[in-house]
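Engineer:
Residue numbers (our numbering): 6 to 396.
1) Rounded to whole angstroms, what is the Cα-Cα separation between residue 167 and residue 134?
2) Assuming residue 96 and residue 66 make a contact with CB atoms under 8 Å, what is their CB distance in whole Å?
3) Are the segment 148–166 and the segment 303–322 touching by the rule of at least three beta carbon pairs closer than 8 Å?
4) For residue 196, which residues of its own chain have a beta-carbon under 8 Å away from its beta-carbon, when the five flanking residues on both sides are left out?
5) Taking DSSP as the reference, what is the three-state secondary structure of residue 59?
6) Using the Cβ count rule (16 or more neighbours within 10 Å means buried), how would you classify residue 375?
7) Which same chain residues end up closer than 6 Å to residue 354 when comparing Cβ atoms and leaving out the 5 residues on each side of it in sequence?
8) What are the boundary residues of the alpha helix (DSSP H) that residue 78 is part of?
9) Going along the chain, which residues of its own chain have a beta-carbon closer than 6 Å to the beta-carbon of residue 83, five neighbours each way excluded?
10) Does the Cβ-Cβ distance between residue 296 and residue 379 come in under 7 Å?
11) Quick check on residue 66: does DSSP put it in helix, strand or coil?
12) Near residue 121, which residues of its chain fall below 6 Å by C-beta distance, leaving aside the five closest residues on each side in sequence?
13) DSSP state of residue 174, grouped into three classes?
14) Buried or exposed for residue 174, going by 16 or more other Cβ atoms inside 10 Å?
15) Should residue 242 and residue 198 be called a contact, given that it needs their Cβ atoms to be closer than 7 Å?
16) Look up residue 431 in the DSSP assignment and give the residues it is bridged to.
17) Classify residue 260: buried if its beta carbon has 16 or more other beta carbons within 10 angstroms, exposed otherwise.
18) Using the rule of at least 16 other Cβ atoms within 10 Å of the residue's Cβ for burial, across every protein chain shown, is residue 216 buried or exposed?
19) Could you tell me which residues DSSP pairs with residue 105 in its beta bridges?
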């Protein structure tokens, strides 16, 4: 272990001298995600609040045929404009977001007590218009419900007769579980940071030294190959672990600046969250470091290793896709799948749900086992003389 610690110090010292790698590993990687996340959330929340306070512009064709409807929309916050002759063409040309067309037979149906039809023109594929479309639909639904209730009352019928089943929702979501929806990308970002944090050191410690032809003299020393591998993997783990720690700290700071009070949410990334997340991330750091060292051993140049490890970063996407696309119920055995187990633990910790000792043990044990397999594979590569041959 003394030789391994010497290799560890050598790799860390050389990596600290590389300012570009140091900047990417310890600053850009851990801090960029939280900062972009903070900016995105604040922009979205401010847009929602600003949109709710501003009048809703509505282009109406045939407004004179439904004066009561127009008055109700204006009272609800709509700003009525005259629609063009062909509202559908105007929406397709992106000149309008939405338009309301009141047909000629609207007044006749209204007077006869029949359902009076209005036509809402919109483009559901335009995400920027979705918010305004939902606002107008809510205004029209409220006016329809209110008018229907008044017609029943005029006829001496209680409005509740038209509602035989009244659904009273009892939402059991807590402010913490709702706040977790804001941080739904946090598990992916933490796992991705693990892959990015030690990547440059893993490349330089193997493919980089191989390209510089400095790996062969190192192997010619009386130090065992196991010591070389242990030192390099420990150095890679140190950088990856530091990157994850800085990312966690950055998210902890970012959580203090999110407008959770305006949304009725709460975010707790304090002691309980760290006590659940850190133990499952530590073995993942060792697994990723051993895996990256093993993969980098197949590359003869620094650039080739970058390509290999760049493709390896697709791996963290898998648990995110599984959890997001497949709406399955969490089972205990799922915690025994590395990456998926970390995703589940971080998500439950964010929601404030209890995790339990067994899931934590399963995640840690399974990740340590696969980390050992990756380490043995890297050791086999380091024992091969081909690893020292450059170019």
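Every residue, glycine too, gets a C-beta built ideally from N, C-alpha and C.
Structural biologist: Straight from the coordinates:
1) Counting only the Cα atoms, residue 134 lies some 33 Å from residue 167.
2) Wrong, their Cβ atoms sit about 12 Å apart, outside the cutoff.
3) Touching, no.
4) Within the same chain, Cβ atoms closer than 8 Å to the Cβ of residue 196 are found at 289, 321, 324, 344, 347, 348, the five residues on either side in sequence being excluded.
5) Of the three classes helix, strand and coil, the one that applies to residue 59 here is coil, per DSSP.
6) Answer is buried; the Cβ neighbour count reaches 16.
7) Non-local beta-carbon contacts of residue 354 in its own chain, meaning distances under 6 Å to residues more than five positions away in sequence, involve 278, 281, 282 in chain order.
8) Run containing residue 78: 72–80, per the alpha helix (DSSP H) assignment.
9) Excluding five sequence positions before and after residue 83, the CB atoms of its chain that fall closer than 6 Å to its own CB belong to 61, 63, given in chain order.
10) Closer than 7 Å, so yes.
11) Residue state, collapsed to three classes: strand.
12) Here the set comprises 111, 114, 115.
13) Reduced to three states, the DSSP call for residue 174 is coil.
14) Classification for residue 174: exposed.
15) No, the Cβ-Cβ distance between residue 242 and residue 198 is not below 7 Å.
16) Since the first residue of the chain shown is 6 and the last is 396, residue 431 is not available in this structure.
17) Counting other Cβ atoms within 10 Å of its Cβ, residue 260 reaches 16 or more and is therefore classed as buried.
18) Buried: at least 16 other Cβ atoms inside 10 Å.
19) The partner list for residue 105 (beta bridge, DSSP) reads 65, 125.
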